[in-house]
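If you read the sequence shown in the numbering used here, its first letter stands for residue 201, the second for the next number, and so on. What follows is one structure encoded as structure tokens, with my remarks underneath.
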Amino acid sequence: MNIHVITLFPEACKAYTDASVLGRAQVAEKGKGAKQKGVQLSVNYYNPRDYSTERHSKVDDKPFGGGPGMVMAAQPILSAYKVAMPRAKKNTRVLMMSPRGRKFDQAMAKELAASTDNLVLIAGRYEGIDARVKEILGAEEVSVGDYVLTGGELPALTIIDAVARHIPGVLGDIDSLEDDRATSGITYTKPVDLVYKKKHYPVPEILLSGHTANINAWREGKPLPDPKHVLKRKK
């Protein structure tokens, strides 16, 4: 999948997408990651200021009809889009980050990962984006929650992260997909007995039992299939 992000703050976003799982997946796409070779993920950024025809690379102006704040102009965004997508391609989706849009969820993340080759994310600022951008590009407004943020960068990163996880090979272990594994959300690691301020916080014995069926049932909050199984500790 090729992801194209149109934002006034590409450096802020790139720092996140170049790190950890997303960063490794992009390196693998270039053939440098042995374990993840064949992963097809690229994230590219386009700053509307670089494509503005206005003096001082201006990208906003006062809204027609009056109102507070400034509105992002159409021309810089459309020009940035043309650079990102010089030719029309099949399986392309254009999403505009908006608190008024369709609610983004896990189902939509899976849908985008399965059916989209080119995903364009437009991260607005100020009081919004000239409505003609949506009309011309056939963009869909998408919201990540019922709240208002300073800009669309965080929602765009949220969508990238959620969608990328469903691209084959991005995750090292398919069990890392939360909705496909049995988990209560309660996890532990070493040490077995954590002492904090002289109080002991041990790991539940069932997780040390080695009894897979019981552990999975415990994680799902179900009755244990073999409740009589007892962990035998070595003394």
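Quick reminder that beta carbons are idealized off the backbone N, C-alpha and C, glycines included. None of the values given here were measured: they were computed from a predicted structure.
For residue i versus residue j, is the C-beta spacing smaller than 9 angstroms?
i    : j    : result
I277 : I329 : yes
Q306 : A219 : no
I206 : A323 : yes
R148 : L371 : The requested residue 148 does not occur in the structure, where the chain is confined to residues 201 to 435.
M296 : H204 : no
E327 : V271 : yes
V164 : T217 : No information on residue 164 is available, as it lies outside the stretch 201 to 435 that the chain covers here.
K258 : A273 : yes
G369 : A215 : no
I360 : L222 : yes
M201 : A309 : no
So residue i packs on residue j, CB below 8 angstroms; how close in whole Å?
i    : j    : result
C186 : Y245 : Given a span of 201 to 435 for the chain in the structure shown, any question on residue 186 remains unanswerable.
G338 : V294 : 6 angstroms
H429 : N414 : 6 angstroms
L208 : P263 : Going by Cβ atoms, the distance from L208 to P263 rounds to 18 angstroms, so no, they are not a contact pair.
Buried or exposed: where does residue i fall if 16 or more other Cβ atoms within 10 Å of its Cβ makes it buried?
i    : result
Y281 : buried
G352 : buried
D260 : buried
L394 : exposed
L448 : This structure does not reach residue 448, given that the chain is present from 201 up to 435, and the question cannot be answered.
Q241 : According to the sequence as given, residue 241 is Leu; it is not Gln. The residue in question, L241, is buried, as its Cβ has 16 or more Cβ neighbours within 10 Å.
V333 : buried
G355 : Reading the sequence as shown, one finds Pro at residue 355 and not Gly. Its Cβ being crowded by 16 or more others within 10 Å, P355 is buried.
P210 : buried
Between residue i and the ligand NAD, is there a pair consisting of the residue's CB and a ligand heavy atom that are separated by less than 8 angstroms?
i    : result
A364 : With respect to the ligand NAD, the structure offers nothing, as it holds no ligand at all.
| task | Counting only runs of 3+ residues fully inside the region 253 to 304, write out the beta strand (DSSP E) ranges in chain order. | result | DSSP runs (the beta strand (DSSP E)) wholly in the region 253 to 304: 292 to 303.
| query | Can you find at least 3 beta carbon pairs, one from the region 292 to 303 and one from the region 338 to 345, that sit closer than 8 angstroms? | reply | yes
| message | For the pair the region 279 to 294 and the region 303 to 321, tell me if three or more CB-CB distances fall below 8 angstroms. | response | yes
| message | With a threshold of 8 angstroms, are at least 3 pairs of Cβ atoms found where one atom belongs to the region 245 to 261 and the other to the region 389 to 408? | response | Contact between the region 245 to 261 and the region 389 to 408 is absent, because fewer than three Cβ pairs lie under 8 angstroms.
| What residue ranges within the region 380 to 431 form continuous beta strand (DSSP E) runs of no fewer than 3 residues, ordered along the chain? | 393 to 396 and 399 to 402
| request: Run through the region 299 to 380 for me and flag every whole beta strand (DSSP E) of 3 or more residues, listed as ranges in chain order. | output: As far as the region 299 to 380 is concerned, its whole beta strand (DSSP E) runs of at least 3 residues are 318 to 322 and 340 to 343.
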